[in-house]
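>
In my numbering, the protein residues as written are 4 to 142.
1) For the 8 angstroms Cβ check, are there 3 or more pairs between the stretch 87-98 and the stretch 33-50?
2) Measure the alpha-carbon distance for residue 30 versus residue 24 and round it to whole angstroms.
3) On the DSSP bridge assignment, give the partners of residue 87 in chain order.
4) Would you kindly work out how many angstroms separate the C-alpha atoms of residue 58 and residue 96, rounded to a whole number?
5) Which class does residue 50 belong to by DSSP, given the choice of helix, strand or coil?
6) For residue 82, count the other beta carbons within 10 Å of its own beta carbon; 16 or more makes it buried, fewer makes it exposed. Which is it?
7) Where do the ends of the alpha helix (DSSP H) carrying residue 113 lie?
8) Would you mind reading off the limits of the beta strand (DSSP E) that contains residue 24?
9) My output table needs one value for residue 58: the three-state DSSP class, helix, strand or coil.
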């Protein structure tokens with residue numbers, strides 16, 4: 004059935020001659036760098052805005068103020084990690100998936116960098132409430 008509205012555009016995963024955007028993070032298209040001296044581009048502060056709210060929720064105030072480096076963090080690179088897939092959209096090379104959460108989950112990668120590679124902690128209360136809501140849906 005045709006809709007009277009135009010299909011929704013995915014601006015979190017786009018490619019043009021200057022930038023590639025993967026799950027909201029911007030890199031130079033030519034070199035796949037978040038900070039590129041050759042292009043010249045520096046997307047760290049713009050990319051940090053995409054994940055700061057999520058990090059604020061997951062980190063304690065002390066962790067956020069002491070361990071989160073903000074714009075001084077090491078920049079990401081996606082060199083040889085993305086390829087154009089369906090309809091010219093960028094996707095990961097491993098899974099050929101647009102917006103791959105496994106390869107391009109930037110918030111998770113930053114969280115793990117702050118916590119030395121650990122996954123985000125989930126309290127027992129959150130786990131129990133999540134399990135209870137799952138059980139209710141199954142019933």
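Ideal Cβ positions, reconstructed from N, Cα and C, are used throughout, including at glycine.
Let me lay it out:
1) no
2) Your numbering for residue 30 matches position 27 in the chain shown. Your numbering for residue 24 matches position 21 in the chain shown. Roughly 6 angstroms separates the two Cα atoms.
3) Taking the chain shown and counting its residues from 1, the one referred to as residue 87 is at position 84. The partner list for residue 87 (beta bridge, DSSP) reads 93.
4) Indexing the chain shown from 1 puts residue 58 at position 55. Indexing the chain shown from 1 puts residue 96 at position 93. Rounded to whole angstroms, residue 58 to residue 96 spans 27 angstroms at the Cα level.
5) Position 47 of the chain shown holds residue 50. Here residue 50 sits in helix by DSSP.
6) As a first step, residue 82 is located in the chain shown; it is residue number 79 there, counting from the start. Result: exposed.
7) Counted from its first residue, the chain shown places residue 113 at position 110. Run containing residue 113: 109-117, per the alpha helix (DSSP H) assignment.
8) Residue 24 sits at position 21 when you count from the first residue of the chain shown. Per DSSP, residue 24 belongs to the beta strand (DSSP E) from 22-25.
9) Reading the chain shown from its first residue, position 55 is the one you call residue 58. Helix at residue 58.
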